[in-house]
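Heads up: the structure comes next, in C-alpha cells.
In the working numbering, the protein residues as written are 217 to 1209.
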C-alpha cells in the first residue's frame, strides 16, 4: 500500500517542478492540518513530533529531504487505514490531492524551511522595473505577470471622486465638495474616518460591559484618536502614548487621555464576583488587545498553553501581562474589590477615584481657554494680596498688637466666628452698601421661610463657662420679618434661639433648649446685636460649634458678623489657624522669629479689610473655576502604582498559584536582546519594543490594515493574524516595501495613505470581465478595485449629509440618536431608559454615537458594527433583510428622506428634475432612462395614494425632530419622500465602488 501511494505521487508531482516556497505553499497546509498536534504547544503534542521545526521533523524521520519513500509524512497522509491516516478522522480535516502533491514535491526539492514571513524583519525590496511611475503599480504589474490579466482601466471620474471622498472622510462628495487628496487629508473629517477603524481595535465603548454595562465617560480618548490622525501624529508616538503616556517624564493632559487605551476594557461591578478572577481577566484581555491591535498577533491563544501554531509560549503571555500589573485598578468594582496594595489616589494630585477607578477632568478647548483666563486673573489678584504696602503693614501691626493685648486678659472680649473672610457663602447673597463691620453683609429676603447655613469649622469654636453667642442683624423697616432664629450645630441641630412670632417649624412646640424664646423682634432700620447665653440653647462649656444657621420667616434681613462673648483669656487664639496660634504665642513670649512674623502676616492677608475686594474677586473666580471643572468631561486614565505579582497560571486557572513568578518581558523569539536584569521593565519599555524599527510585526500589521481601508482586503487577508494561521500575502514584496517606507517616512500615516490612493491600482474600475471574475474571484491579483458596502457609521452619515441634516461638530460627548422604544427593557442593574437627544446632537456623525456594549444601537448592529467587547481588526459583512428594513423605517433615515424631499419640492415642481438633483447628490451621476421611468411611476402611485389618505401623509411627515415648512403640500411632499426613501435604500447609495 505504501509503495503504491508513492508511485502515484511520483507520477503526479511532475506538474509541480517549479521551486516551492515554504511560507507560501507549505506552511499554510501544515499549520491548518498538522501544527495543532505536531507544533509549538508541548502539552498537546502527539508522538513527540514537531513539524514546525525542520530538525525535529527530520530527527523523527517524518521528513527525509529528497526521499519520499523514507518520509513518514508521505506515508501517513496517503494511508487508507483510518488508524493510520493523517490528519486523523476525528480532527475533521482532510488533505486534498493537490495538497498531498505539493508536500511530496517539497520533500523532493529538499524540504527547505523558512522562518515565518511576518517574524522576519522587513527589508525594502527593489521595485520591479515595469514602466510605471508609481511603486505600487509596478508591484501589482509584477504579480500579474503570467496570469493572462492586466490592470483594469481607471474608473470614470465621477466614481473615483465619490470613492476617494468616502475613503478619506467617510462622507459623500456632496458634503466634502472635493476629491483632491491633499484637501481631504487636511479635512478634520479624515480623523473621524480613521477613528472608526482605530476605535474597533481599541475596543472603545461608552459603557463598562459585563452584567450592568453602565456608562463611564471615556469620550476624551475618542477625541484624542481623531485629533491624532488629523495632526498626523507619528504612529510610533501614537502607540507609545496609549500604552504608556502616564509614564512619560512630564506627562501632559493629552498623554494621560491617551493612556485611557489601557482602561477601556470591560470591567465588572457584579456582586459576588471574585476580585482576583477579574483582575486575571483584565490582564489577559490587555495582552490580547495589545498583541492584536499593534502586532497583528494572537497571543491570547497562549493563555492556557503554549500557542498551538505560533512560537508564543504561555510564559510569553504572562510575562506580557506583567507589563500591565502596575495599573491602578481592581477586579471587582464592588464592595469586595481592592486596589493594588499601597495604591492611594492622594499620591496622584489632580486625579479622582471614580466608580471605575482613576479619572481626570478634561476641559474642552473652549473651557481650557476660559480656565486659563480665570487662572491668570487669579494669579494677578493673588500677587496684589502678597504685596507689603505701608498701609497693609500698619494695619497688620495694629491687629497683631490688639491680639497680643487680649492674650491672658481678664477682660471679657468678643471672638469673631464669622466675618468677611468667610464670605460669600453658598446660598447667601451679599451687599456692600449697608454693613456693620468689614465690607460685606449677607442679605436674605423671603415671603415665608428662608435659611442659610455657615460652616464654622474654619475657626474652631470650643465654648467656655459663661459664653454668650451673638450676631449682628439689620431689619428692613419697609419689609420686616415675622420671626428670626439662630441655630447652632453641636452634636446635632437641637440648639435654637428665636425672636418674634412662633412660625418657624424647627423645634416648634418645645420650651427647651431646642426652641429657646429670647423675646420680641429687635428694632428695625438699624444694626442690632442679637445675643443668647450658650447654656440657654443647651451648649455648656466644652461644647463645640461646627455650623451656624440663620433663619427668618418673611421679610428682608441683613446678617453680618457673628461670634461669642467670653471671659476666656485665650479665646482670641481659638479663631486662629494652628500655625498662627503658635506664632502669636512665640511673639507673646518675646521669642519671635522671622517665620513667626511671616506666618502671622500670611494669615492677616486672609482677613485684612483692605484686601477684602481682592479676596472677594478671587473667591468669585474660584467658584467659576470650580463650576467649569465640575462641568467638564472626565475620562478614565492609567495611573502607575505598586505592581501586583504575576504568576504563570497553569491552564489559565486563576485559582492555581503554583506557577512561577514572572517579570515584564517581551516574547523571547521576537526579542533579539536579552532583558535587563537590574531594573524592572515598564509599559514604556513595551511600547519602545513594539515601535522599534527592528520589530517585524508592527509596521506590517498597520500597513496591511491601512491597505484594506482602501481596497477592502489586506495584502495578507487576515487582518487580525499575521501568524501561521494567517494568510500568505498576495504581494509579499509590496507589503514589505510599504512597511519599510512607512517606518522610514517617520511613521507618517498620511504619507502612507496618500501613497496608496495616488496609485493606478487604487483608481482602477471595480467592474471586472467574466473571465477575471472566474479566474480571480477574490481579487488576489488586484487587477480591479473591490466594491464594498460602507461601514455602518458612514451609511448613517451619508443619509444625514445628503439631506443637509448632518451636524459636523468635531469631538465632544457621545450622541444619542433615535432608538426603538423599549430596546433597553432587558438592560438591568439598574433598569434604565434611553434618552435620545432632541437637539442638534441628534444629527452628529456615527463615530460619536453612544456605544452600549450589551445593547448596541440596532442600526449599528444591523450593519455589522462590533460590540467592541474585544479588539476587532476586521468587521464581518453580512447581507440581511434587516438592513433594508432599517433604512426604510429607522427615524433617522425617514427624516433624512423627508428633509431631502422638502428641498427637492421647494426647488423643482416636476418629479423629473427632482430626480436629477437627488441622483447627482446621492450617486454623483444622473438617473438612467429606466430608473427615471420606474421612480416616476412610484411617485405618481404614491401621489394617488396620499391624496386618498391625507392622514397617512401627515403621519409620515411627522417623523423626526425637524419641523415642516409653513407652506408645503403634504401630499406632494409625502410622495416625494417615498421616492427619496427608496433612493437612500439603494445598494448603490450605500456602496463605495
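All C-beta atoms in this analysis are idealised placements derived from N, C-alpha and C, irrespective of residue type, glycine included.
query = Does DSSP put residue 579 in a helix, a strand or coil?
reply = DSSP places residue 579 outside both helix and strand once states are collapsed to three, so it counts as coil.
ask   = If you draw a straight line from the C-alpha of residue 531 to the C-alpha of residue 290, how long is it?
value = 34 Å
task = With a cut-off of 8 Å on the beta carbons, I'd call residue 469 and residue 1088 a contact; round off their distance for me.
result = Contact flag wrong, Cβ pair sits at about 28 Å.
task = Whole angstroms is fine: what's the gap from residue 814's alpha carbon to residue 603's?
result = If you take the alpha carbons of residue 814 and residue 603, they lie about 13 Å apart.
Cβ shell of residue 1127 (< 7 Å), same chain only, five flanking positions each side left out = Excluding positions up to five away in sequence, the list reads 1152 and 1155.
query = Smallest Cα separation from residue 782: which of 772, 794, 767 and 756?
reply = 756
task = Starting from the Cα of residue 554, find the closest Cα among 571, 885 and 564 and give me that residue.
result = Nearest of 571, 885 and 564 to residue 554, Cα basis: 571.
Reduced DSSP category for residue 690 - H, G, I as helix; E, B as strand; rest coil = strand
ask   = What distance in whole Å lies between the Cβ atoms of residue 526 and residue 514, which are believed to be in contact at a cut-off of 8 Å?
value = Sure, about 7 Å apart at Cβ, within 8 Å.
inquiry  = Can you find the residues in the same chain that come closer than 8 Å, C-beta to C-beta, to residue 801, ignoring five residues on each side of it along the sequence?
reply    = 623 and 789
request  = Return yes when the Cβ of residue 997 is within less than 8 Å of the Cβ of residue 919, no when it is not.
outcome  = no
query = DSSP three-state call for residue 715: helix, strand or coil?
reply = DSSP places residue 715 in strand when its eight states are reduced to three.
inquiry  = Could you tell me the alpha carbon to alpha carbon distance between residue 1004 and residue 982, rounded to whole angstroms?
reply    = Roughly 10 Å between the two C-alpha positions.
ask   = So what does DSSP say about residue 819, is it helix, strand or coil?
value = helix
key: Where residue 466 sits in the DSSP three-state scheme   = coil
inquiry  = Quick check on the DSSP output: what are the complete alpha helix (DSSP H) runs of length 4 or more inside the segment 1150 to 1204, in order along the chain?
reply    = 1166 to 1173 and 1186 to 1200
key: Buried or exposed by the 16-neighbour rule on C-beta atoms within 10 Å, applied to residue 434   = buried
ask   = Based on the DSSP output, what are the partners of residue 765 in its beta bridges?
value = 669 and 703
message = residue 851 and residue 476 - do their beta-carbons sit closer together than 8 Å?
response = yes
key: Cβ contact check for the segment 1109 to 1128 and the segment 1036 to 1050: 3 or more pairs under 8 Å   = no
message = With distance defined between alpha-carbon atoms, name the residue in 872, 632, 786 and 768 nearest to residue 626.
response = 786
ask   = On the premise that residue 377 lies in contact with residue 395, defined as a C-beta separation below 8 Å, what is that separation, rounded to the nearest angstrom?
value = 4 Å
request  = May I ask you to report which of helix, strand or coil DSSP gives residue 1210?
outcome  = There is no way to answer for residue 1210, as the model of the chain reaches only from 217 to 1209.
task = With DSSP as the reference, label residue 588 as helix, strand or coil.
result = helix
query = For residue 1065, which of helix, strand or coil comes out of DSSP?
reply = Residue 1065: strand per DSSP, three-state reduction.
message = Can you tell me whether residue 773 is buried or exposed? The criterion is at least 16 other CB atoms within 10 Å of its CB, across all chains shown.
response = Buried, by the Cβ-count rule.
inquiry  = The alpha helix (DSSP H) that contains residue 921, what's its start and end?
reply    = 914 to 927
key: Rounded straight-line distance, which links the Cα of residue 824 to that of residue 163   = Look at the range of the chain in this structure, 217 to 1209, and you will see that residue 163 is not part of it.
ask   = Name the DSSP beta bridge partners of residue 370, please?
value = 980
message = If you follow the alpha helix (DSSP H) that residue 456 is in, where does it begin and where does it stop?
response = DSSP places residue 456 in the uninterrupted alpha helix (DSSP H) bounded by 451 to 460.
Backbone secondary structure at residue 633 - three-state DSSP = strand
query = Alpha carbon to alpha carbon, what distance is there between residue 461 and residue 882?
reply = 19 Å
message = If you reduce the DSSP assignment to three classes, tell me which class residue 640 lands in.
response = Caution is warranted here: a pLDDT of 46 is assigned to residue 640, below 50, making its placement in the model unreliable, and the coordinate value is therefore given only provisionally. Three-state DSSP puts residue 640 in coil, outside helix and strand.
message = For a test of the three-state rule: what should DSSP assign to residue 965, helix, strand or coil?
response = helix
ask   = By how many angstroms is the C-alpha of residue 548 removed from the C-alpha of residue 415?
value = Straight-line Cα distance between these residues: approximately 25 Å.
query = Helix, strand or coil: which one does DSSP assign to residue 1023?
reply = DSSP places residue 1023 in the strand class (E or B) of the three-state scheme.
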